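Trainee: Just dropping this structure here.
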Amino acid sequence: MTFPNAPHPPARSVAPVFWLLFGAGGMLSALFGPALIILTGIMAPHGWGVPADFADFPHALAFARNPIGKLVLLAVISLFFWHGAERLFLTLKDMRVAGAPVLRLATYGVAAVVTVATFVLLLLIGF
Numbered sequence: 001m002t003f004p005n006a007p008h009p010p011a012r013s014v015a016p017v018f019w020l021l022f023g024a025g026g027m028l029s030a031l032f033g034p035a036l037i038i039l040t041g042i043m044a045p046h047g048w049g050v051p052a053d054f055a056d057f058p059h060a061l062a063f064a065r066n067p068i069g070k071l072v073l074l075a076v077i078s079l080f081f082w083h084g085a086e087r088l089f090l091t092l093k094d095m096r097v098a099g100a101p102v103l104r105l106a107t108y109g110v111a112a113v114v115t116v117a118t119f120v121l122l123l124l125i126g127f
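In UniProt numbering, the protein residues as written are 1 to 127.
Below, the structure written as C-alpha cells:
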C-alpha cells in the first residue's frame, strides 16, 4: 500500500563520512595538538623537562618503526589534514570561490592524497 502524499526518504549522502573525519581530526587536534607542539617544538629543542635524547633521530626512527607508532603518526597526520580540509572547504564555499564539486575535489582530494602518501611513507620506513 502506498500513500500519495507520503514524504520521500532522504537521498543518501557521503557527508557523514567527511563529518566523521572532521570531528575526529578536530578532537585530536584540540587534545593532542598543543601537547605535541609544546613537547616537540619548545621543550625538546631547549631540553626543558625532557631527557636530552628525547627527540633525537634514533628515538624518532624507533617510534616511527613501531607498529603502534605508525598508527599514531598516521592518525595524527591524516586526521589533522581531514579536519583542515573540511574547514577550508566550508570557508571557501561560504566565500563562493567555486562550485561545491570543485571545492570538494580540491580540498578532500588533497587530504586523501596526504593520507595515502603518509601511509606509503610509513610503510617505507620499515618495521
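For glycine and all other residues, C-beta sits at the position ideal for the given N, C-alpha and C. Computed from a predicted structure; not experimentally measured.
With a CB to CB cut of under 6 Å and the five nearest residues on each side skipped, what residues in its chain are close to residue 127?
Mentor: Closer than 6 Å at Cβ, skipping near neighbours: 65.
Trainee: Return the Cβ separation of residue 74 and residue 118 in integer angstroms, given the expectation that the two are a contact with Cβ distance under 8 Å.
Mentor: Yes, residue 74 and residue 118 are in contact; Cβ-Cβ is about 6 Å, under 8 Å.
Trainee: Counting only the same chain and skipping the five closest in sequence on each side, list residues whose C-beta sits under 7 Å from that of residue 54.
Mentor: Within the same chain, residue 54 has close Cβ partners 44.
Trainee: How many whole angstroms separate the CB atoms of residue 107 and residue 88, which I take to be in contact at a CB cut-off of 8 Å?
Mentor: Going by Cβ atoms, the distance from residue 107 to residue 88 rounds to 5 Å, so yes, they are a contact pair.
Trainee: How about residue 82 and residue 31: do their beta carbons lie closer than 7 Å?
Mentor: Against a cut-off of 7 Å, the Cβ pair of residue 31 and residue 82 comes out as no contact.
Trainee: Going straight from the alpha carbon of residue 120 to that of residue 70, what length do you get?
Mentor: Taking the straight line joining both Cα atoms gives about 11 Å.
Trainee: Taking only the alpha-carbon atoms, compute the straight-line gap between residue 78 and residue 111 and give it to the nearest angstrom.
Mentor: Whole-angstrom Cα-Cα distance: 7 Å.
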